[in-house]
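Residue numbers (my numbering): 603 to 1649.
Written out as structure tokens, the structure is:
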């Protein structure tokens, strides 16, 4: 459970808006930090360290106890909007500037800050609890006094730590010992690199040979290790035992490492700690999250600045019309305060409460169960995504491999014909058992059948032998482990391998009758359909590498003494190794188009002399110091010639439910999808085709591997000539392109309908997101499910985590957490669209509400000789933006233009939002003009129609203003909800009921007269009726796109 906790990000310089984690304590701890250097680590003696190392603490908090309040307040007041209201409230402490009661300014500001502080505090507490859980995880440590328990946070460099099966590795370690008989262990690295393949790790030979684990403390030995770095795929170091005779030196590589955040998949291991805390590989690969501020909030902030400009201009005009008489500078400040309603403080309150409502609606949506909103500040971002960057394994796919096709050239077997393969295998082994070798007088049909059976048998045997899968037996409650291992008990057997493809192949051979039952470093045991055990000695094994794209194995059949070299690999490399044939290329293409991962299987029989000759040359090549890898490869290639082609296998990584329709929906909505994965190029390309990320009509340009500027230049020119072509590129090539031709590459990539980046490091994923934001200025959304996706999720404008087999690390670090990829469609098309449109309507209406009353104040002041006297006093001004209009205006967060089913059916509606039309300078100007028109009509109407007393002006204008606002809300609403009707009636009732208590401001006897009623009615009709007519004409002659779908 605790291995799913997000890790502490590296503290590196990021954007200006990034928050620095940790607080004063962390800073003090890091003071005087030197550049990391190589180190010598003595086994079991942390006190012998040469330098200070960081504590092994995971810290995901943005603040600490001392920096919390200053940090939260700084992040609030660094934006103009909030700073303006703070200055406004502070100005009321100066008597000459005071216009009303202090509470009219401080209560709304205090409410906004309280909501923010409570929300941030809740997030920090959750974060602290998660960190505490992982830092408190208990491990066993070997000491001179025996085994002691130690917390993860107290582990030091040099400690000897015991890690049990299925336990998270707490720090970067060198693998010293294992309890496994075969002298190796498997690691699950999905939280580190996104690959679900189990990785084989080997202990240091010298320490594995020791009788017991406690002997590690009796020897004088140390590990010399390179300085901490970001590379999770490589390691350089040496192990030295000084008290040996002679002293023992062993070179260490990535095969001897146990990186933090990986999980032990087999046995119990002992390791020595090399790196801790911020020097962990996993931490160095996690970028610092930035504080996300929505684009919508920035746009509102921009409009606020425009309104502030208008406020200053109006105040200066008022003082200018007084000819700057007397203490004019004080008059300017008073006018600034008088017209301060132009920038409504209720805007911030309404938008923040709106975000809470949107988050609640998302969580309550029964069609996307399990969805969690972790960042309630950016739901509007979901409505304006232009680029979606997604992980592959576990996000688009289920991470479950299924064997789909066996192709022998003349015949192919699918899932529905596997029983034929089974009968061929069965017939081969029954004939071997029953018939003499040379049976005469067989019919032609029998001979054809037998030749087909032998071909199928050779293919299945090759698949059953050519792999790196190890069968492991576990107790099942009935049979204990030792007995299960002795009798090869099927119910107790599980397969461990570094690739799920390999497991799928071995499981398939088991289903057709040839079962892998045992394997160690030197032999493989298969069980035939008749129950006989077939033993093969492993003479050589050539593991799969990314460069070679193939793996090989040389085995000797113990029953016949035959030596066979089996090989399987990608079609691109195997085509040149196998004997000439006319079907390989065509069938590989056909299977790849079906989205299958294709492997070509071949064999070559060797005589004893041929093998002995090869072995002598191979051993010689392995002993050479210079160009060792080149010489070894040359010797192996001497065998890889004219091999007999046996078969093609097709394995499918099954897609998650409804991935294809979801990707099609996103594409129709104008969203470009990029797939960033740590997986192999062929696998990524297969999945892209299978998921229809790349459509059938589109070409794919596979960007070849480039290592320098010249190669990158040539390949970019070749790519430039392609049109409407999906791009597939590896992480290494991408790094070279971004180093020399960043602008050109991003320009070309952004024009592609789809991009697939394979072999991507976690930091590369974040870099791609950052470049897309900088180059296009568009909003990005990142979707992932593993620890290697955290950097990308935190860097994107909107991060979505999928809770899957790779744990909860991504979903905990994301802004939104979903349980399946298909939920993303509804999250964006329905909730994203509604959130953005509702907030746009809400913000502009709140601005309209404030501009109306400010226009009335301006008219009032200009009529009464530009006096800086407020039109409405005390409670009237507070009540106007709260109980009288707050509920109807806020009910706009329930409005929607189309039903959710229509929004999902026509994703093209989403495309309209990408242009930002719901909130633009044009719509803002329209609302400003409406506000000026209505404010002027109400004020001039009240001045024209009042008869004797000033208090009548207040009564007529204020009542007309309230009714106008309620009618304008009704005009703006597109789909009525019962709560909207309740809000309208409630607000009107509150106003009528409160008139009894407002005798200080309004003549209660006057409002009961017929004269008051007809004057208010006329003014309200003149202010609203023209807008209703205009709305009808617009919908009649120029209807919006969505109205055509709802009619």
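We put the beta carbon where it would ideally sit given N, CA and C, even for glycine.
Rounded distance between the beta-carbons of residue 1273 and residue 1643, thought under 8 Å
Reading the chain shown from its first residue, position 1041 is the one you call residue 1643. Reading the chain shown from its first residue, position 671 is the one you call residue 1273. Residue 1643 to residue 1273, Cβ: 18 Å. No contact.
Taking the C-alpha atoms as reference points, what is the distance between residue 1568 and residue 1518?
To locate residue 1568, count along the chain shown from 1; it is residue 966. To locate residue 1518, count along the chain shown from 1; it is residue 916. Straight-line Cα distance between these residues: approximately 27 Å.
Secondary structure of residue 1313, DSSP reduced to three states:
The count along the chain shown starts at 1 and reaches residue 1313 at position 711. Helix at residue 1313.
What's the C-alpha gap between residue 1631 and residue 1353?
Taking the first residue of the chain shown as position 1, residue 1631 is located at position 1029. Taking the first residue of the chain shown as position 1, residue 1353 is located at position 751. Spanning the two alpha carbons is a distance of roughly 44 Å.
Residue 778 burial status per 10 Å Cβ neighbour count (16 or more: buried)
On the chain shown, residue 778 is found 176 positions in, with the first residue counted as 1. Flag for residue 778 reads buried.
Per DSSP, which one or two residues make a beta bridge with residue 1129?
Start at 1 with the first residue of the chain shown, and residue 1129 comes out as number 527. Paired residues: 1117, 1135.
I need the DSSP call for residue 1332, collapsed to helix, strand or coil.
If you number the chain shown from 1, residue 1332 lands on position 730. Here residue 1332 sits in strand by DSSP.
Assigned secondary structure, residue 1642 (DSSP; H/G/I helix, E/B strand, else coil)
Translated into the one-based positions of the chain shown, residue 1642 becomes position 1040. Correct three-state label for residue 1642: coil.
Sequence-distant residues of the same chain with beta carbon closer than 6 Å to residue 613, five excluded per side
Reading the chain shown from its first residue, position 11 is the one you call residue 613. No answer about residue 613 holds up, because its pLDDT of 31 lies below 50 and its placement is not dependable.
Measure the Cβ-Cβ separation of residue 1368 and residue 1288 and say whether it is below 8 Å.
To locate residue 1368, count along the chain shown from 1; it is residue 766. To locate residue 1288, count along the chain shown from 1; it is residue 686. No, they are not a contact pair.
Is residue 1307 near residue 1332, with beta carbons less than 8 Å apart?
Position 705 of the chain shown, counting from 1, holds the residue named residue 1307. Position 730 of the chain shown, counting from 1, holds the residue named residue 1332. Yes.
Near residue 1514, what residues of its chain come up, given a Cβ to Cβ distance below 8 Å and the 5 sequence neighbours on each side ignored?
One-based indexing of the chain shown puts residue 1514 at position 912. Closer than 8 Å at the Cβ level, and outside the excluded window around residue 1514, lie 1643.
Counting Cβ pairs, one atom from each stretch, are 3 or more of them under 8 Å apart for the stretch 925–942 and the stretch 687–701?
yes
Quick one: using the 10 Å Cβ neighbour count with 16 as the cut-off for buried, is residue 1320 buried or exposed?
For this step, residue 1320 is matched to residue 718 along the chain shown. Residue 1320 comes out exposed.
Any idea if residue 1191 is buried or exposed, counting beta-carbon neighbours within 10 angstroms, 16 or more meaning buried?
As a first step, residue 1191 is located in the chain shown; it is residue number 589 there, counting from the start. Exposed, by the Cβ-count rule.
State the DSSP-derived secondary structure class of residue 1018, mapped to helix, strand or coil.
Taking the chain shown and counting its residues from 1, the one referred to as residue 1018 is at position 416. Residue 1018: helix per DSSP, three-state reduction.
How many angstroms separate the CA atom of residue 753 from the CA atom of residue 827?
Position 151 of the chain shown holds residue 753. Position 225 of the chain shown holds residue 827. Approximately 24 Å, taken between the alpha carbons.
In this structure, does DSSP put residue 990 in helix, strand or coil?
Along the chain shown, read from residue 1 onward, the residue named residue 990 stands at position 388. It is a strand residue.
For residue 972 and residue 1421, which I take to be in contact (beta-carbon distance under 8 Å), what is that distance rounded to the nearest angstrom?
For the purposes of this step, residue 972 is identified with residue 370 of the chain shown, where counting begins at 1. For the purposes of this step, residue 1421 is identified with residue 819 of the chain shown, where counting begins at 1. Indeed, because the Cβ distance is near 4 Å, the residues count as touching under 8 Å.
What is the rounded straight-line gap between the Cα of residue 1329 and the Cα of residue 1357?
Residue mapping note: residue 1329 aligns to position 727 of the chain shown, counting from 1. Residue mapping note: residue 1357 aligns to position 755 of the chain shown, counting from 1. Near 5 Å, if we compare the C-alpha coordinates of residue 1357 and residue 1329.
What whole-angstrom Cβ distance do residue 1541 and residue 1458 have, given they're in contact under 8 Å?
By one-based count along the chain shown, residue 1541 stands at place 939. By one-based count along the chain shown, residue 1458 stands at place 856. About 4 Å separates the two Cβ atoms, so the contact holds.
Is the number of C-beta pairs between the stretch 1494–1504 and the stretch 1564–1579 that are closer than 8 Å three or more?
yes
Who are residue 1592's beta bridge partners in DSSP?
Taking the chain shown and counting its residues from 1, one reaches residue 1592 at position 990. DSSP, once it has assigned bridges, lists no residue as partnering residue 1592.
Under three-state DSSP, which class holds residue 1013?
Residue 1013 sits at position 411 when you count from the first residue of the chain shown. Correct three-state label for residue 1013: coil.
Cutoff 8 Å; reference residue 807; Cβ partners in own chain excluding five residues on either side
Your numbering for residue 807 matches position 205 in the chain shown. Closer than 8 Å at the Cβ level, and outside the excluded window around residue 807, lie 852.
Looking only at C-alpha atoms, which of 1090, 1402, 1165, 1370 sits nearest to residue 1344?
Translated into the one-based positions of the chain shown, residue 1344 becomes position 742. Residue 1370 is the option with its Cα nearest to residue 1344.
Where DSSP assigns a beta bridge to residue 644, which residues make up the other side?
Counting from one through the chain shown, the residue named residue 644 turns up at place 42. Beta-bridge pairing links residue 644 to 824.
Assuming residue 775 is part of the beta strand (DSSP E), what are its boundary residues?
Position 173 of the chain shown, counted from the start, is the residue given in the question as residue 775. Taken as a continuous stretch (DSSP letters only), the beta strand (DSSP E) holding residue 775 covers 774–780.
Reduced DSSP secondary structure (H/G/I, E/B, other) of residue 1086:
As a first step, residue 1086 must be located in the chain shown, where it is residue number 484. Three-state DSSP puts residue 1086 in a helix.
Residues that residue 1153 bridges to, as DSSP identifies them
Along the chain shown, read from residue 1 onward, the residue named residue 1153 stands at position 551. Looking at the DSSP assignment, residue 1153 forms a beta bridge with 1170.
Which word fits residue 1564, buried or exposed, when buried means at least 16 other C-beta atoms lie within 10 angstroms of its C-beta?
As a working mapping, residue 1564 is identified with position 962 in the chain shown. Result: buried.
Contact set for residue 1238: own chain, Cβ-Cβ below 8 Å, skip 5 residues either direction:
Residue 1238 sits at position 636 when you count from the first residue of the chain shown. Within the same chain, residue 1238 has close Cβ partners 1144, 1154, 1220.
Counting pairs of Cβ atoms below 8 Å between the stretch 896–911 and the stretch 781–790, do you hit three or more?
no
Cβ shell of residue 1087 (< 7 Å), same chain only, five flanking positions each side left out:
Residue numbering aside, residue 1087 sits at position 485 when the chain shown is read from its first letter. So the qualifying residues of the chain are 1075.
Can you give the beta carbon distance from residue 1026 to residue 1055, rounded, assuming they're within the 8 Å contact cut?
To locate residue 1026, count along the chain shown from 1; it is residue 424. To locate residue 1055, count along the chain shown from 1; it is residue 453. Confirmed, Cβ separation roughly 4 Å.
Please report the straight-line C-alpha distance between residue 759 and residue 654, rounded to a whole angstrom.
Sequence index remark: in the chain shown, residue 759 carries index 157 (1-based). Sequence index remark: in the chain shown, residue 654 carries index 52 (1-based). Whole-angstrom Cα-Cα distance: 10 Å.
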